[in-house]
Amino acid sequence: MSTPVPSLELNDGHRIPAVGLGTAGMRRDAGVQAIVSALRGGYRLLDTALRYRNEREVGEALAASVVPRDEVVVTTKLRGRHHGADAARRGLELSLANLGLDRIDLYLIHWPLPRIDRYVETWRSMIAMRDEGLIRSIGVSNFTPTHLDRLERETGVVPAVNQVELHPHLPQRGQREYHAAHGIVTESWSPLGRGRVLRDHPVITDIAARHGVTPTQTVLRWHHELGSVVIPKSRNPQRQRENLDLFAFSLDDDEVAAISALETGRRLWWSNPDRHHEF
Ligand SMILES: NC(=O)c1ccc[n+]([C@@H]2O[C@H](COP(=O)([O-])OP(=O)(O)OC[C@H]3O[C@@H](n4cnc5c(N)ncnc54)[C@H](OP(=O)(O)O)[C@@H]3O)[C@@H](O)[C@H]2O)c1
5 MSTPVPSLEL NDGHRIPAVG LGTAGMRRDA GVQAIVSALR GGYRLLDTAL RYRNEREVGE
65 ALAASVVPRD EVVVTTKLRG RHHGADAARR GLELSLANLG LDRIDLYLIH WPLPRIDRYV
125 ETWRSMIAMR DEGLIRSIGV SNFTPTHLDR LERETGVVPA VNQVELHPHL PQRGQREYHA
185 AHGIVTESWS PLGRGRVLRD HPVITDIAAR HGVTPTQTVL RWHHELGSVV IPKSRNPQRQ
245 RENLDLFAFS LDDDEVAAIS ALETGRRLWW SNPDRHHEF
């Protein structure tokens, strides 16, 4: 039995678990089974997006699981084609129908898309839908401090969460400092950097050996020490449990600094928020 997963308080008073399951690519029956297995193993935060085309699978897994609906924080995201006041409402309705739910617990604008410049009106629509009870907490993803400043200046409402690319190669120091100063919880996407490079790095394997944990647990615990929520993806029940079991050890300041020093500044793909476009 692993140590319980702590939760973090959001600026709207709600809480989210420090570890969730990334579900991108989990589709069809195998996808449902992977999500059911995560819920059985103790996950209480699920991360999907309309764009992943697996909201139905997430809904099916929730319905099939014995875990009470209210214990799970379901996150989904508004895609590019739903930027704009009316379109945002259509996007939410589509996600609710796909998931088979009457409320989204955490709804994020997936990308800011500054070229089409509709994220402020989209945000106003999200605020209204939250006030109607269709969404519990509202947040964003891939927003830089410039985009976040504008939301606050023009609407007075600060996102509860900003989900950004964050891993030891991209520790996002400035972005995290901005979040801390404005009461925004940071959520790390691709927290493992998606591959073997980090798992095999001697800085990480040495720290892992010192604590008797795996390299993956070391990287995930580093995120926790930085104050960030993690959503690692694994389809494998054993690795899912491993990724949740982060709370019986901790890293000291020197270990955190050594991992942060692996920064290369390189993003995993063409994911610069000022330029990335998605529909
Ligand atoms: N907001 C955004 O724009 C955005 C963008 C990208 C991703 N995301 C979210 O972030 C989530 C996670 O990101 P990601 O899927 O890109 O990458 P990731 O979580 O960094 O890495 C996933 C990879 O690591 C492997 N893995 C997981 N746990 C492991 C362990 N304990 N030991 C060894 N290997 C392990 C998985 O393989 P196995 O399945 O074989 O275990 C998978 O290949 C996504 O699912 C999605 O929900 C959001």
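Each number in this note's numbering corresponds to the 1-based position in the sequence shown with 4 added.
Don't be surprised by glycine CBs; every beta carbon is placed ideally from N, CA and C.
What is the DSSP secondary structure of residue i, counted as helix, strand or coil?
i: Pro-10; result: coil
i: Arg-140; result: strand
i: Glu-169; result: strand
i: Arg-19; result: strand
i: Leu-196; result: coil
i: Val-233; result: strand
i: Ile-188; result: coil
i: Val-78; result: strand
i: Ile-120; result: coil
i: Gly-26; result: strand
What's the C-alpha gap between residue i and residue j?
i: Ala-92; j: Met-133; result: 9 Å
i: Gly-187; j: Val-217; result: 32 Å
i: Leu-96; j: Ala-185; result: 29 Å
i: Gly-160; j: Pro-149; result: 15 Å
i: Pro-175; j: Ala-34; result: 33 Å
i: Glu-267; j: Leu-170; result: 10 Å
i: Pro-195; j: Ile-120; result: 29 Å
i: Leu-49; j: Val-77; result: 5 Å
i: Gly-104; j: His-215; result: 42 Å
i: Arg-177; j: Leu-255; result: 18 Å
i: Val-9; j: Tyr-47; result: 9 Å
i: Arg-245; j: Glu-158; result: 42 Å
Quick check: is any heavy atom of ligand 1 less than 7 Å from the C-beta of residue i?
i: Pro-236; result: yes
i: Pro-294; result: This structure does not reach residue 294, given that the chain is present from 5 up to 283, and the question cannot be answered.
i: Ser-194; result: yes
i: Glu-59; result: no
i: Gly-197; result: yes
i: Ala-28; result: yes
Cβ pair count under 8 Å reaching 3, the region 61 to 71 against the region 110 to 122: no
At least three beta-carbon pairs within less than 8 Å, the region 17 to 27 to the region 232 to 240: yes
At least 3 beta-carbon pairs within less than 8 Å: the region 252 to 262 vs the region 205 to 214: yes
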